Amino acid sequence: MSASAVDTAARDQEQKNVAKFGLGGTEGSHSWFARSGMFALVLVWSLPTIGLLVSSFRSQSAVVASGWWTVLSDLGTLTFQNYADVLSETAGGSTLAEAFVNTFVVAVPATVIPILIAAFAAYAFSWMEFPGRETLFIVFVAALVIPLQVAFIPILNIYGSVGIAGSFLGVWLAHAGFGMPLAVYLLRNYIGSLPREVIESAKIDGASHFQIFWQLIIPLSVPALASFAIFQFLWTWNDFLVALIMFNEGQVATTYLAQLIGSFGQQAHLLTAGAFITMTVPIIVFFSLQRYFVRGLTAGSVKG
Amino acid sequence: MGAVLVRAVVAITLGVGGAYALFWLGNALVDRFAKKDPDKIRAGVFVAPAMFVVGLFLVFPLFETIRLTFYSNNQVRGEGRAFVGLDNYTAVLSDQVFFSSLWNNILWMIFVPSFAVAIGLAAAVLSDKLKPRWENFSKSLVFLPMAISFVGASVVWQLIYNWRPPSEGQTGLLNGIWVGVFGGDPIAWLDRTAFNDFALMAVMVWLQAGFAMVLLSAAIKSVPEDTLEAARIDGASEIQVFWRIIVPQIASTIVVVATTILILVLKVFDIVSVLGRGGQFGTEVIANTFYTQFESGNYGTAGVYVVVLVLMTIPFMILNIRRFREQEAMR
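These protein sequence lines map, in sequence, to chains C and D. Count along the first sequence starting at 1, add 29, and that's the number in my numbering. Just so we're aligned: 180 in my numbering is position 192 of the second sequence, and the numbers increase by one with no gaps anywhere.
(1) Okay, do the segment 169 to 183 of chain D and the segment 212 to 221 of chain D touch, 3+ Cβ pairs below 8 Å being the bar?
(2) Could you give the distance in angstroms between the alpha-carbon of D:Val245 and the alpha-carbon of D:Asn93?
(3) In three-state terms, what does DSSP make of C:Thr119?
(4) Return the chain-ordered list of same chain residues with a C-beta closer than 6 Å to the C-beta of D:Phe327, the five sequence neighbours on each side being excluded.
(5) Would you please state the rounded distance, in angstroms, between the beta carbons of D:Gly198 and D:Met134? I believe it to be under 8 Å.
(6) Using a Cβ-Cβ distance under 9 Å, would D:Arg(-5) count as near chain C?
(7) So what does DSSP say about C:Thr124, is it helix, strand or coil?
(8) Is D:Ala70 close to chain C, meaning its C-beta is less than 9 Å from at least one C-beta of that chain?
(9) Any beta-carbon of chain C closer than 9 Å to the one on D:Asp116?
(10) Could you tell me the distance, in whole angstroms, from the CA atom of C:Leu116 to the CA atom of D:Ile249?
(11) Can you find a C-beta in chain C that's less than 9 Å from the C-beta of D:Gln158?
(12) Residues in the same chain with beta-carbon distance under 6 Å from C:Phe154, minus the five sequence neighbours each way, listed in chain order, please.
(13) Is D:Asn308 close to chain C, meaning its C-beta is less than 9 Å from at least one C-beta of that chain?
(14) So which residues on chain D does C:Tyr152 lean against when the C-beta distance must stay under 8 Å?
(15) Rounding to the nearest angstrom, what Cα-Cα distance links C:Ile233 and D:Val(-6) in this structure?
(16) So for D:Phe99, helix, strand or coil by DSSP?
(17) Any C-beta of chain C within less than 9 Å: which residues of the segment 88 to 116 of chain D qualify?
(18) Can you find a CB in chain C that lies within less than 9 Å of the CB of D:Asp258?
(19) What's the C-alpha gap between D:Tyr287 and D:Asn61?
(20) Which residue marks the beginning of the alpha helix (DSSP H) containing C:Met157, and which one marks its end?
(21) Compute the beta-carbon to beta-carbon distance between D:Phe41 and C:Gly291, rounded to the nearest angstrom, for a pair I have assumed lies under 8 Å.
(22) Does the separation of the CB atoms of D:Met201 and D:Val100 fall below 9 Å?
(23) For a contact meaning CB atoms closer than 7 Å, what does D:Val262 contact in chain C?
(24) Any C-beta of chain D sitting closer than 9 Å to the C-beta of C:Asp103?
(25) Answer yes or no: do D:Leu297 and D:Leu254 have a C-beta to C-beta separation smaller than 9 Å?
(26) Using the Cα positions of C:Ser95 and C:Ser75, report the straight-line distance between them to the nearest angstrom.
(27) If contacts are defined as beta-carbon pairs under 8 Å, then D:Val273 and D:Ser89 qualify, I think. What distance do you get, rounded to the angstrom?
(28) Using a Cβ-Cβ distance cut-off of 9 Å, determine whether D:Phe183 contacts chain C.
(29) Strictly under 9 Å for the Cβ-Cβ distance: is C:Gly206 near chain A by that measure?
(30) DSSP state of D:Leu2, grouped into three classes?
(31) Would you say the segment 104 to 112 of chain C touches the segment 235 to 248 of chain C, given that touching needs at least three Cβ pairs under 8 Å?
(32) Assuming C:Val271 contacts C:Val200 under a Cβ cut-off of 8 Å, what Cβ separation, rounded to an integer in Å, is found between them?
(33) Can you tell me where the alpha helix (DSSP H) with C:Gln261 in it begins and where it stops?
(34) Identify the contact partners of C:Val100 in chain D, using a Cβ-Cβ distance below 7 Å as the criterion.
(35) Between D:Gln268 and chain C, is the shortest Cβ-Cβ distance under 9 Å, so that the two count as touching?
(36) Quick one: which chain D residues come within Cβ less than 8 Å of C:Gly80?
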């Protein structure tokens, strides 16, 4: 199945009231088996996160003395103190509050900047004729799987010469570059599947390519733009490697946590609260925009 | 902190405004000066920025990194380096760490996609039989780890794998069960070379099974119902229906999901770096060994590890291009 066929399948699934065909009906022993099986799976899959959440409310002495599952025996000692403390706790030169802001400052421009660039390219690849169109697009398809480790040595050399090594600007540009193949690929799949008549009739009405792009393509492509935006935002928010190597104006959420783990034992009680705080943003984005996220995932399931 | 926010706003404004201005200007110049075939030149203007960015951050570095593997390690922005031919390659190939990294990478690439797909498939099939409300709810919970960073997941799983001396209370869930229920001696799950690789892989399976579930669930729902009904009327059991009717029809999705996860774990770094403490106790993988070499300033040697990663991705690159060509032919 092609990536776009997977995309279509996912779109079908989004329609809540899609007719269910039930494997062998939802009655009787099958249903019982499915329910208990799925319950066990959900339990196992949720336990780690529940453990983190419970731990984050336990006092420093309780965290080192016993496991989180014994929480029922020390309910009276539950506290918000860890959350209050970790925000001003310094690791690797930043407090968590600062690292949190830094993560936003990295992630938002790194998400916004590539979108427009990719959308123009996707439109040209879909609806404009030019020599070498397919060959050029294959470069993007191939670039989808290039491991981003290739970039570090050459790009840091360039950044060093230009004087933007370790800066926000350097990380924004790098994320824009690493996300570009997926953005172009995903947007072209979507923009290319818009009905030809719409674009043709706009042309007959005398609209230029620039006008068609702004007045027709961009409004029609909001779902695809949103799915790339969510995908890229989660990716840059959760990124560890690029920040670790390319960023030195303080810590971001992931590098902060990694620093805090280094002092494990001492800060075990703060670590869980800190991890939970950094997880809130992606989880909120994820739950409120799950539909777009799923579409982005399915359409981008060839990314490297 | 305020200054940082101001810079971010400026960056967004300049980034978006600058990109808009660039395209607008390019477009206006084409209108003004291009007499013959203006739309072909215009297409070039539209595509050029994206090409430039991908060229600068992925295509050029690919070849530049390969070139640098033929130079000595003590290179800082090209100064003081010497051409050493294949020396970096022979050094890597005679290093035990390379082979253990490669072997661990191969284990990851075998086990993580298999388990993630198997569990994702089970979740997709089982949840499909639930009432829609419960189906959505249970799927959301299995999918939730997708939103968590690999570093965050490492913190989460420390609470599973923690080890404490037998005299103290266990704080890791696994040891809590092992000591409390089975009466065993606490085990340092992340230190024992016999299974610490698998302890780390479990984290990735936990993160990726939801991804597999979502795609496979969509595929299962698109299997035509009449093929299932026909099989049932012919007396096929539910297990036969699953293996003989459903699985063959979703085989291509299984391949897509497995390859996507495979490409992801090929470059696995964060979990081994944080939970595996940089690949200690024999858990090192290629991307971590690359990082160690990179941090030591051994750019030539580090480059060889990148080349290994690139070589491993080439089959998938070919596969993607072939799939794209087929897709285009169908358009």
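Quick reminder that beta carbons are idealized off the backbone N, C-alpha and C, glycines included. These figures come from a predicted structure and were not determined experimentally.
In short, the structure shows the following:
(1) no
(2) 18 Å
(3) strand
(4) Look at the range of chain D in this structure, -11 to 319, and you will see that residue 327 of chain D is not part of it.
(5) 5 Å
(6) yes
(7) Judged by DSSP in its simplified three-state form, C:Thr124 adopts strand.
(8) no
(9) Closer than 9 Å to the CB of D:Asp116 there is at least one CB belonging to chain C.
(10) 34 Å
(11) yes
(12) So the list reads Phe166 and Arg217, once near-sequence residues are dropped.
(13) With respect to chain C, the C-beta atom of D:Asn308 has a partner C-beta closer than 9 Å.
(14) Neighbours of C:Tyr152 on chain D, chain order: Phe34.
(15) A straight line joining the alpha-carbon of C:Ile233 with that of D:Val(-6) spans about 45 Å.
(16) In this structure, D:Phe99 counts as helix in the three-state DSSP scheme.
(17) Ile107, Ala110, Ala111, Val113, Leu114, Ser115 and Asp116
(18) yes
(19) 5 Å
(20) Counting along the chain, C:Met157 falls outside any alpha helix (DSSP H), and DSSP gives it neither H nor E.
(21) Contrary to the premise, residue 41 of chain D reads as Val rather than Phe in this sequence. About 35 Å; that fails the 8 Å criterion.
(22) no
(23) Ala287 and Ile290
(24) Closer than 9 Å: no.
(25) Annotated as proximal: D:Leu297 and D:Leu254, with beta-carbon spacing under 9 Å.
(26) Cα to Cα, C:Ser95 sits roughly 20 Å from C:Ser75.
(27) With 8 Å as the limit, D:Val273 and D:Ser89 qualify as a contact, their Cβ atoms being about 5 Å apart.
(28) no
(29) The structure shown contains no chain A; the protein chains it does contain are C and D.
(30) helix
(31) no
(32) 6 Å
(33) Val251 to Asn267
(34) Listed along chain D, no residue sits closer than 7 Å to C:Val100 by beta-carbon distance, the nearest being about 12 Å off.
(35) no
(36) Val144, Leu147, Ile148 and Leu161
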